[in-house]
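Residues in the sequence shown are numbered from 44 upward in steps of one, following my numbering.
Note that CB positions come from ideal geometry on N, CA and C, so glycine has one too.
What follows is a short report on a single structure.
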Amino acid sequence: MKKSPLFLYGIGTLLLIIFLAVGYWYSRHNLDFTCSSSTASFYTNKGNVPFLNYTQSVSFTHSGKAFLHISGNIHDAENMYTLNRTIIYSYERIAPNEYSMQVLTSSYAGSDSVPEAMEKKYFMPIMSGVQRIFGIRQLPTGDMVISNNSGPFLVCAVH
């Protein structure tokens, strides 16, 4: 009869450990939304042609992964290149509304024609192995603001 209470205490302790582990995991990977936005960046006002013009869709999951798809164009002085890629990030909450995100993989669609030198110069945050800190906050409208240490750079419409 003495083994029965020990067995129940053991099961109770195991369930408590599992509950705490799941709670800890959820607190570190608590995002679950999909949103999209369009961005146009003008390097100069010359000809009113955007230097960078793209749309993006990002999905965060409770599994600690974020999936980003970017498609659009980037211009230099003479050429226009097509940007069409999907980036998979791992993310972890490090403070209220702050997340550490690391690029796990990037896959390029056949139409992606951005040269490597331009990619390294302008797209460092989406290259494999890069880790960044992002702030992610929800607006009263339900949309999300994604920012880095220099300020907000993306208002993302949640759908």
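Proximal residues to residue i (C-beta, below 7 Å), its chain only, five neighbours per side dropped
i, result
"Ala-152", "Asn-127, Arg-128"
"Asp-155", "Thr-125, Leu-126, Asn-127, Arg-128"
"Leu-182", "Val-188"
"Met-167", "Val-173"
With 16 other Cβ atoms within 10 Å as the buried cut-off, status of residue i
i, result
"Ala-109", "buried"
"Met-44", "In this prediction, Met-44 scores a pLDDT of 48, lower than 50, which makes its location untrustworthy; no coordinate-derived value is stated."
"Ile-54", "exposed"
"Tyr-67", "exposed"
"Ile-169", "buried"
"Met-187", "buried"
"Tyr-134", "buried"
"Ile-60", "exposed"
"Tyr-52", "exposed"
Pair within 9 Å by beta-carbon distance, residue i and residue j
i, j, result
"Ser-79", "Thr-98", "yes"
"Leu-111", "Ile-137", "no"
"Thr-77", "Phe-50", "no"
"Gln-174", "Ser-143", "yes"
"Ser-114", "Leu-147", "no"
Residue from the options with nearest C-alpha to residue i
i, options, result
"Lys-164", "Ile-117, Ala-200, Arg-71, Glu-141", "Ile-117"
"Ala-120", "Phe-166, Ile-189, Met-161", "Met-161"
"Thr-184", "Phe-166, Gly-172, Asn-192, Cys-199", "Cys-199"
"Asn-192", "Leu-182, Ile-176, Gln-181", "Ile-176"
"Phe-196", "Pro-158, Asn-122, Ser-81", "Ser-81"
Close Cβ partners of residue i (< 6 Å) along its chain, the five nearest in sequence each way excluded
i, result
"Ser-100", "Ser-79, His-112"
"His-72", "His-105, Gly-107"
"Gly-178", "Asn-140, Glu-141, Ser-190"
"Gln-74", "Sequence inspection shows Leu at residue 74; the Gln mentioned does not correspond to that position. Same-chain partners within the cutoff: Phe-103."
"Leu-95", "Ser-84, Ile-117"
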